[in-house]
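Residue numbers for the sequence shown follow my numbering, beginning at 34 and rising by one. Glycine included, C-beta positions come from ideal geometry on N, C-alpha and C. Below is one structure, written out as structure tokens; comments come after it.
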Amino acid sequence: MSESQRRSTMAGVGRVNGYANGLVSIRNPATISEVDEFCHALGGKKPIPSILIANNGMAAVKFIRSVRTWAYETFGTEKAILLVAMATPEDMRINAEHIRIADQFVEVPGGTNNNNYANVQLIVEMAEITHVDAVWPGWGHASENPELPDALIAKGIIFLGPPATSMAALGDKIGSSLIAQAAEVPTLPWSGSHVKTSAASCLELVPAELYREACVCTTEEAIASCQVVGYPAMIKASWGGGGKGIRKVHNDDEVRALFKQVQGEVPGSPIFIMKLASQSRHLEVQLRCDQYGNVAALHSRDCSVQRRHQKATNTLKAESERIIQDALNRVMVNQA
């Protein structure tokens with residue numbers, strides 16, 4: 034973050050919803066004490082009375098509402114946990130809902146998300162400046178960047194998400210496929226189908242030699258792998274996403290024509306081959322896990338319907354918020 038951006042950000046700290054950040058508490062001290070007692074009574078290590086929300090839009094709004102509901106049911110007040118939002122100039126211009134309903138907000142630079150919600154250094158600085166106990170990253174932005182949990186932990190701030198090792202392993206398509214295979218989860222035929230290992234060996238990090246065995250490094254290796262798994266097949270970049278680094282091939286000639294394209298779209302990414310699953314849908318199951326080994330499966334969702342439409346959905350939501358706010362402003366003017 035540049036010095037000018039830092040000065041701009043620091044100028045925005047303290048602009049909170051009715052209170053000067055860090056000077057006036059909007060919570061009763063008795064409630065803070067109750068949160069501490071609740072944590073220790075359940076064997077918790079550290080209470081979390083305040084959280085920085087490193088996200089915006091629907092993600093931030095849903096999180097705030099969920100925490101408020103839980104706090105009211107548990108402590109009899111929805112304000113038991115202090116929720117601090119990050120706010121870009123663009124968010125403030127449309128009076129975004131997550132800013133309106135948060136307890137406090139801190140201004141951050143605008144522009145693309147690498148200036149704000151995906152900026153690890155900025156998020157850590159905002160967490161320190163606002164003196165929160167934890168950071169919630171939501172989804173997208175910096176939520177899958179292993180650097181964020183490590184950077185926060187180094188500052189003594191809790192990261193509300195998976196550890197960096199798990200994030201790095203499961204965020205990589207080849208690594209996650211090897212882990213699934215080791216756990217005896219059925220997988221489609223792919224260039225790493227022959228790689229056998231135990232689940233215990235993948236707990237921290239997939240061994241480098243096993244990882245390399247699952248990759249294809251040249252066009253000739255890709256052709257050989259496609260012939261093993263059978264056409265039609267997919268050439269995939271392990272770090273790809275959003276339609277980048279993936280090509281469908283039906284024969285050797287198409288592999289020769291498209292292998293370099295996949296490499297070029299995601300420079301430096303390892304490449305692998307996987308059998309094409311035709312007439313299929315993209316389904317996801319959401320899991321909740323903790324550091325003690327407790328796991329709960331929540332529900333599934335059909336991501337096929339949102340493919341290539343995520344950004345359009347976010348744009349429509351922002352436009353809807355702007356239209357609604359304009360209408361509210363006109364009502365308030367008329368009433369005045």
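- Rounded to whole angstroms, Ser226 and Glu242 show a C-alpha spacing of 15 Å.
- Excluding five sequence positions before and after Ile212, the CB atoms of its chain that fall closer than 8 Å to its own CB belong to Ala202, Leu203, Ala232, Cys235 and Val239, given in chain order.
- Burial is judged here by how many other beta carbons sit within 10 angstroms of a residue's own beta carbon; Ile186 has fewer than 16 and is exposed.
- Only exposed fits Val318, as fewer than 16 other CB atoms lie within 10 angstroms of its CB.
- Contact holds between the segment 180 to 200 and the segment 156 to 169, because three or more Cβ pairs, one in each stretch, are under 8 Å apart.
- Annotated three-state conformation of Ser271 is strand, per DSSP.
- Contact annotation: the segment 105 to 112 does not touch the segment 143 to 161, with fewer than three C-beta pairs closer than 8 Å.
- Ranked by Cα distance from Ala290, the options Thr121, Glu180, Ala247 and Ala255 are led by Ala255.
- Per DSSP, Leu238 is not a residue of any alpha helix (DSSP H), being assigned neither H nor E.
- Between the alpha carbons of Ala63 and Ala74 lies a distance of about 16 Å.
- For the pair Glu130 and Val100, the CB atoms are not nearer than the 8 Å cut-off.
- Less than 8 Å divides the Cβ of Ala270 from the Cβ of Gly278.
- CA-to-CA, the gap between Ile81 and Ala104 works out to about 12 Å.
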